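At position 130 of the sequence shown (counting the first as 1) the number is 145 in my numbering, and the numbers step up by one without a gap. Note that the Cβ used here is the ideal one computed from N, Cα and C, for glycine as well. Quick caveat: nothing in here was measured; it's all calculated off a predicted structure. To keep things clear, I will list the structure first and then write my remarks on it.
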Amino acid sequence: MIDYYELLEVNQKASPEIIGEVYKILQKRFEFDSNLKNQDKVQKLQALKDAFDVLSDPVKRKAYDTEFNKAQREAYEFSQKNNRVDTQTAKKPLKLKQNNFSQTLSSDNDTAEMSSSSSLLSRIKWNRWGWAVSILVVVIVLISMVRPDPEKALRGKLAVSLEAEKDRKELDAELHKNDAEKQPVNFTETKGKTELEAKSDDLK
Numbered sequence: 016m017i018d019y020y021e022l023l024e025v026n027q028k029a030s031p032e033i034i035g036e037v038y039k040i041l042q043k044r045f046e047f048d049s050n051l052k053n054q055d056k057v058q059k060l061q062a063l064k065d066a067f068d069v070l071s072d073p074v075k076r077k078a079y080d081t082e083f084n085k086a087q088r089e090a091y092e093f094s095q096k097n098n099r100v101d102t103q104t105a106k107k108p109l110k111l112k113q114n115n116f117s118q119t120l121s122s123d124n125d126t127a128e129m130s131s132s133s134s135l136l137s138r139i140k141w142n143r144w145g146w147a148v149s150i151l152v153v154v155i156v157l158i159s160m161v162r163p164d165p166e167k168a169l170r171g172k173l174a175v176s177l178e179a180e181k182d183r184k185e186l187d188a189e190l191h192k193n194d195a196e197k198q199p200v201n202f203t204e205t206k207g208k209t210e211l212e213a214k215s216d217d218l219k
C-alpha cells in the first residue's frame, strides 16, 4: 500500500489546507526539476495527484486511513513475529537432522514456552561475556603497550653505559688534574730538598 502521507511529506494529522499547500509546492518542484526524465515526471506528478485526491477528500481519507492503519498494524505484527523467531533461533541454535526435521522447525512452540525471565538471563549472560571479552581485549592492548621494546631497552642500556663511561672519564681527568697540580709542588719541594741537601753536602 502506498503511503500517501510520506509521498506528500506531511503528518497523518495534517489538515486539508496544509495538504493542499504542500501539494502545490511539490507539484512545482517536480515540474521544474530538470534532472527527471519526462516519464519519471509524469509518474511522480500522477502519484502526487492521487495522494492529494485521496487525502483532500474527507470520505476517501477516512477510508484510506482505515486501510493504511490496518496495513501498518499487520506489517508491525509480521515484523515482531519474525523478530521473535530470529532472536529465539539465535539464542537456541536449531540442530537440523533428517529424522526430526519437522519437530525442530516448530519454533513457535519453543517461543511460547520461553519465558521472559529466561530470555533476560540469557541477555545478562551475553552481556557478561561481552564485558569479559571487551575487558580482555583492553588488557591485551595495555600489555602490548607496556611490554618493553628490545631495541628501546638496548638503547637505554647503551645510553647508561655511555653516561657511566663519560662520568668515569671526567673523574679520571679530574684526578689527573689534581695529580698534575700536586706534582709540581712536590717536585719543587723535592728539588728544594735536593738543593738543600746538595748545599749541606757542600758545607760538609
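Taking Cβ positions, are residue i and residue j nearer each other than 8 Å?
i: K60; j: Y38; result: Going by the sequence as given, residue 60 is Leu instead of Lys. The answer is no: Cβ separation not under 8 Å.
i: K28; j: F45; result: no
i: Y91; j: Y19; result: no
i: I34; j: F67; result: yes
i: L63; j: Q42; result: yes
Since residue i is in the alpha helix (DSSP H), which residue starts that stretch and which ends it?
i: I34; result: P31 to E46
i: N26; result: No alpha helix (DSSP H) holds N26; DSSP gives it neither H nor E.
i: K56; result: N53 to S71
Could you pull out every residue in the same chain whose Cβ sits closer than 8 Å to the Cβ of residue i, ignoring the five residues on either side in sequence?
i: K184; result: none
i: S30; result: none
i: Q87; result: none
i: P73; result: P31
Suppose the cutoff is 6 Å on Cβ atoms and the five residues either side in sequence are ignored; what does the same chain contact list for residue i look like?
i: N26; result: none
i: N193; result: none
Cβ of residue i within 7 Å of any heavy atom in the ligand FMN?
i: L173; result: Among the components of this structure there are no ligands whatsoever, and the ligand FMN is therefore not found.
So, at 7 Å on beta carbons, what are the nonlocal neighbours of residue i in its own chain, with the 5 sequence-adjacent residues on each side left out?
i: I40; result: none
i: V148; result: none
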